[in-house]
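Below you'll find the structure, written out as structure tokens, and then a few comments.
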Amino acid sequence: MNAFTSLVAAALPSEAFDAATAQFHAWRGKNLDIFSRTEAAVTETLLALRSVGRRGEVVKMPHLVGQRYAALDAAIGPIGPFAAEGKKAIAALTEFDAHTRIRTMLCHGVGDILLDRHGRWTVLLRNLSLSVDQAERDSLLLSQDEADLLQAAIARASQVLCSHLGHLRTNLVSAKS
11 MNAFTSLVAA
21 ALPSEAFDAA
31 TAQFHAWRGK
41 NLDIFSRTEA
51 AVTETLLALR
61 SVGRRGEVVK
71 MPHLVGQRYA
81 ALDAAIGPIG
91 PFAAEGKKAI
101 AALTEFDAHT
111 RIRTMLCHGV
121 GDILLDRHGR
131 WTVLLRNLSL
141 SVDQAERDSL
151 LLSQDEADLL
161 QAAIARASQV
171 LCSHLGHLRT
181 NLVSAKS
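Each step along the sequence shown adds one to the number in the working numbering, with nothing skipped, and position 30 is 40.
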């Protein structure tokens, strides 16, 4: 018998997948917005610190975002020139820094979306980076429920950090007046 059987399965309806993909991209975009607003607050704070006389002269103003977080940490950390003013903000900065890997995956990770039978998504994000001429591969698997909890944690940490940095900038301006 020479019967040929198709090995290609019929495609599933795309509506559920399209909806899940849109939900994931909305989630990703919301998180990128949170990170962008936090990065702006960090940069504004570095500018404010830099404008404070002799102490501000040592504050670095790097181009890359990760280096800006490190520069802020150095400026308001325990041995930094603004350690006294930055006591509350340094704890919030440390807490927010725990989400750095997530930021990298959201910005640079390539995602594959999987659906369960109820249309809830799970995403596999993969990132390939280079470090000292070596490939580094990283991945992150998140269910929709885990992603929602993670977003709430990132938003909360961002709000606390931005609030403390805002108070720090206000206090610096008041002290200069």
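For glycine and all other residues, C-beta sits at the position ideal for the given N, C-alpha and C.
Item: Sub-8 Å separation of F92 and L171 beta-carbons; Value: no
Item: Rounded straight-line distance, which links the Cα of A84 to that of L160; Value: 27 Å
Item: Bridge-paired residues (DSSP) for W37; Value: According to DSSP, which records beta bridges pairwise, W37 is partnered with nothing at all.
Item: Buried versus exposed, by CB contacts within 10 Å (16 or more), N41; Value: buried
Item: Distance between E67 and H118 (C-alpha atoms, nearest Å); Value: 34 Å
Item: Burial state of T55, where buried means 16 or more other Cβ atoms lie within 10 Å; Value: buried
Item: Cross-strand partners of G121 (DSSP beta bridge); Value: L135
Item: Start-to-end residues for the alpha helix (DSSP H) that takes in L82; Value: 75–86
Item: Host beta strand (DSSP E) of E146 (start-end); Value: 144–153
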